[in-house]
Amino acid sequence: MSKDNSVFVQDNPIPQPGPREILFRVRAVALNHVDALYTYNIIVAQEYCVIGSGFAGEVASVGKDIQNINDPRVKVGAHVAGFVQGACSVNNRPGAFAEYLNIPRRVPLQEAATVSLCGLTATQGVFRRLELPGPFIESQNINHLKLDEGEPVNVLVCGATTSLGLFATQLVRLAERISGTRIRLIGAASRAKHDMLRQAPYSYNELVDYRDSDWQIKVRQVCGATGGVHYGIDAVSQSPSVEHVHDTLVAEGKLAVFRASALAGFDPSKLRVKAVTGAVWEGLGVEIQYQGVTFPANPGAQKVKLQANPVRLMPGGL
1 MSKDNSVFVQ DNPIPQPGPR EILFRVRAVA LNHVDALYTY NIIVAQEYCV IGSGFAGEVA
61 SVGKDIQNIN DPRVKVGAHV AGFVQGACSV NNRPGAFAEY LNIPRRVPLQ EAATVSLCGL
121 TATQGVFRRL ELPGPFIESQ NINHLKLDEG EPVNVLVCGA TTSLGLFATQ LVRLAERISG
181 TRIRLIGAAS RAKHDMLRQA PYSYNELVDY RDSDWQIKVR QVCGATGGVH YGIDAVSQSP
241 SVEHVHDTLV AEGKLAVFRA SALAGFDPSK LRVKAVTGAV WEGLGVEIQY QGVTFPANPG
301 AQKVKLQANP VRLMPGGL
């Protein structure tokens, strides 16, 4: 893809890894909303760049300075997955740059490709921005809500069957186990998907159909004595979903949105609860530029396991 808004396919020589670089062969890619967003809304400054974010594949070759490292992720043939900042950055760095993680052989590469970008996006939203209790980050104790004894914490996920929503749901259940506090998990999704969402690992307590014009009212009705949602996760993050999730919140509630207001189309000044946003690219561990903002290098998250989302294989390929 070039900065003059043209998209093309071309053959390039196979790159050679530098002394401390790893070359991997891509076997599967995930189609994320962000890929389409920045293919349509060009922000790259380079002459051309490679499109795509989430991937899975195998190590093809290893740079000479790291060939003797005792790490299974840098062995030729090792299954790897990760994400890069493809097509949505003005940073000029090699397209092979990525963070890697081990994939057990039993995990299909198509599933592995779906985990890194959406999984980290969900992790940042649930644990870092909403500050729900997490296994690897300092977070706010939910006791500050001052709930009556036995009253659960109300968490709403809008877009519960999106890839982001499915990962966020698993992490909310993880927060429940860590905190020992019962969570009433409420999902807004198509009625046809409700049966799936009632099953593990999601186990929703309440579900509404986002196509119903009064679904926000139904959410508040199932919230018990508090009459509203304590933590709102908008996995759609496109107006009017932001405003709809916001309308379900109690006064001390929190709202995680995954697009900046200019992209999501909502007016922050009209929200009584501030929407907390951020960029998943912080997880790459290097300084990045995104939407005119420079994010400093940030250490990556520590280990936590997520179950891969159901895969919908798309036809074709390069």
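In the UniProt record's numbering, the protein residues as written are 1 to 318. All C-beta atoms in this analysis are idealised placements derived from N, C-alpha and C, irrespective of residue type, glycine included.
Let me know the secondary structure DSSP gives residue i once reduced to three states.
i, result
"Ile-66", "helix"
"Tyr-202", "coil"
"Cys-118", "helix"
"Phe-55", "strand"
"Asp-195", "helix"
"Ile-14", "coil"
"Glu-111", "helix"
"Phe-258", "coil"
"Val-236", "coil"
"Val-245", "helix"
"Val-155", "strand"
"Tyr-210", "coil"
"Ala-30", "coil"
"Asp-4", "coil"
"Thr-277", "coil"
"Arg-25", "strand"
"Gln-289", "strand"
"Val-74", "helix"
"Gly-253", "strand"
For residue i, report the span of its alpha helix (DSSP H) as first-last.
i, result
"Ile-178", "163-179"
"Ile-217", "215-221"
By Cβ distance below 7 Å, which residues in the same chain neighbour residue i in space, the five residues on each side in sequence not counted?
i, result
"Arg-312", "none"
"Arg-191", "Asp-209"
"Phe-97", "Note on Phe-97: pLDDT 30, under 50, position unreliable in the model; no value is reported."
"Gly-265", "Gln-238, Ser-239"
"Pro-17", "Leu-23, Ser-61, Val-62, Gly-63"
What separation, rounded to the nearest whole angstrom, lies between the Cα atoms of residue i and residue j?
i, j, result
"Thr-121", "Ile-233", "12 Å"
"Cys-118", "Asn-68", "32 Å"
"Tyr-210", "Val-80", "36 Å"
"Phe-127", "Leu-197", "21 Å"
"Ala-28", "Leu-145", "43 Å"
"Gly-63", "Val-74", "9 Å"
"Gln-10", "His-246", "45 Å"
"Pro-152", "Gly-253", "14 Å"
"Ile-51", "Asp-35", "7 Å"
"Ala-262", "Phe-55", "28 Å"
"Asn-70", "Asn-32", "33 Å"
"Gln-307", "Val-276", "26 Å"
"Ala-60", "Ile-66", "14 Å"
"Arg-173", "Gln-199", "12 Å"
"Asn-5", "Thr-39", "8 Å"
"Thr-294", "Glu-149", "44 Å"
"Leu-271", "Gln-289", "27 Å"
"Ala-175", "Ser-213", "31 Å"
"Ser-269", "Phe-8", "41 Å"
"Ser-163", "Arg-20", "33 Å"
"Asn-143", "Glu-111", "36 Å"
"Tyr-48", "Pro-13", "16 Å"
"Ala-225", "Pro-135", "29 Å"
"Pro-310", "Ser-53", "18 Å"
"Met-314", "Leu-37", "18 Å"
"Gln-216", "His-244", "6 Å"
Got a sec, what are the start and stop residues for the beta strand (DSSP E) residue i sits in?
i, result
"Gly-82", "79-83"
"Ala-264", "Ala-264 -> not in any beta strand (DSSP E); alpha helix (DSSP H) instead, spanning 261-264."
"Gly-187", "183-188"
Less than 6 Å between C-beta atoms, sequence neighbours within five positions excluded: which residues of the same chain meet that for residue i?
i, result
"Ser-241", "Cys-158, Asp-234"
"Lys-218", "Val-208"
For my contact list, residue i and residue j are in at a C-beta cut-off of 8 Å; report their separation, rounded to the angstrom.
i, j, result
"Arg-220", "Thr-181", "No, Arg-220 and Thr-181 are not in contact; Cβ-Cβ is about 21 Å, not under 8 Å."
"Arg-184", "Asn-154", "5 Å"
"Leu-132", "Tyr-202", "Incorrect: roughly 16 Å between the Cβ atoms, too far for contact."
"Arg-129", "Ala-256", "5 Å"
"Val-280", "Gln-170", "Actually they do not touch by this definition, with Cβ atoms about 17 Å apart."
"Gly-57", "Val-76", "Contact doesn't hold; Cβ gap of about 12 Å is too wide."
"Val-250", "Gly-228", "4 Å"
Spatial neighbours of residue i within its chain, please: CB distance less than 8 Å, with the 5 preceding and 5 following residues excluded, ordered by chain position.
i, result
"Ala-160", "Leu-166, Thr-169, Gly-187, Ala-188, Ala-189, Lys-193, Leu-197, Tyr-202, Tyr-204, Leu-207, Ala-235"
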